[in-house]
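Note that the working numbering numbers the sequence shown so that position 148 is 187, with each residue one more than the last.
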Amino acid sequence: MYSTIVYDLDGTLVDSAATVAALLNGLRAEQALPPLARDDYLPWLSVGGKAMVAAALGIPEGDAQPFLERFRASYQALPTDPATLYPAARETLARLRAAGTRLGLCTNKPRPLAEKVLAETGLGEYFSAVCAGHDLPTAKPHPDNLHACLDALGSHPSESLVVGDSRVDQALAEAGGADFAFFAGGYDDGVRKSACTLTLRHHAEIFNLLSTIEQRPHHE
């Protein structure tokens with residue numbers, strides 16, 4: 040089994056799509072734009088805050104910063120509903136932690152928002168390292184973001200698994216030299232399924248799937 044597992048947050052542990060859609064629709068209403076459905080926003084949820092807001096409002100990315108700041112302020116003030124946790128997410132983390140697995144979190148969500156969500160969902164206690172948005176000059180999928188997390192855990196990429204739902208998470212694992220487990224219950228924006236080490240449809244499946252791996256794949 041892997042000594043270390045690094046999770047993504049949004050679309051992997053927490054289903055934040057409805058919350059994000061409501062906040063972005065609020066911005067759209069201010070611009071006299073009609074609301075979009077939750078699923079309309081899914082392709083933009085992994086591209087980064089500024090690009091997401093620009094796409095949602097149909098404006099150039101260079102004009103998105105003031106809207107992004109308002110979006111984040113509204114998000115910060117909105118309590119996180121514990122019901123947005125994916126089924127068995129908390130129980131899976133607790134079981135992994137109890138088994139001695141080192142757990143990290145790597146997200147592009149800014150640290151104040153990430154810490155708020157982790158605290159309000161009760162997930163924060165399970166992670167010994169968190170690399171959040173703006174902690175580094177780089178963002179996922181740059182390997183530095185994964186390596187910062189692994190360095191804090193005292194782990195090597197070759198003994199690590201990244202669990203995520205997006206192409207960004209897959210590229211992070213590949214760039215950083217770790218294996219990738221695709222969480223298919225998330226927002227899938229075009230993950231290359233054939234390149235995944237594992238595919239999870241439910242978080243608790245990770246235990247049975249890990250037990251089927253007899254030997255760690257070799258990284259060139």
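Yeah, the Cβ is synthetic: ideal placement off N, Cα and C, and Gly gets one too.
Check	Outcome
Straight-line Cα distance separating T51 from Y125	7 Å
Three-state secondary structure (DSSP) of F166	coil
Cβ separation of L135 and I252, assumed to be a contact under 8 Å, to the nearest whole Å	Going by Cβ atoms, the distance from L135 to I252 rounds to 15 Å, so no, they are not a contact pair.
Helix, strand or coil at R240 according to DSSP, with G and I counted as helix	coil
Own chain residues within Cβ distance below 6 Å of Y165, not counting five before or after	L132, R136, L142
Nearest-angstrom Cα separation, counted from E159 out to Q115	11 Å
Sequence-distant residues of its chain with Cβ nearer than 7 Å to G224 (five each side left out)	Y125, R240, H241
Assigned exposure category for R255 - 16 Cβ within 10 Å defines buried	Residue placement at R255 cannot be trusted, given a pLDDT of 48 that sits under 50; the coordinates are not used to answer.
Beta-carbon gap between L152 and R111 smaller than 8 Å	yes
DSSP state of K89 mapped onto helix, strand, coil	helix
Close Cβ partners of A243 (< 6 Å) along its chain, the five nearest in sequence each way excluded	A127, T131
C-alpha distance - G139 paired with G216, whole-angstrom precision	22 Å
Beta-bridge partners of D218, as assigned by DSSP	L200
8 Å CB neighbourhood of G87 in its chain, flanking five on each side removed	N147, A178
Of the listed residues E69, S113, T119, R77, nearest to L96 (C-alpha basis)	E69
P182 to A212 span [Cα, whole Å]	8 Å
Per DSSP, the bridge partner or partners of R141	T43
Cβ-based burial, G193 [other Cβ within 10 Å; buried from 16]	exposed
contact_flag[the region 66-86, the region 224-235] where n(CB pairs < 8 Å) is 3 or more	yes
DSSP-derived helix/strand/coil call for K179	coil
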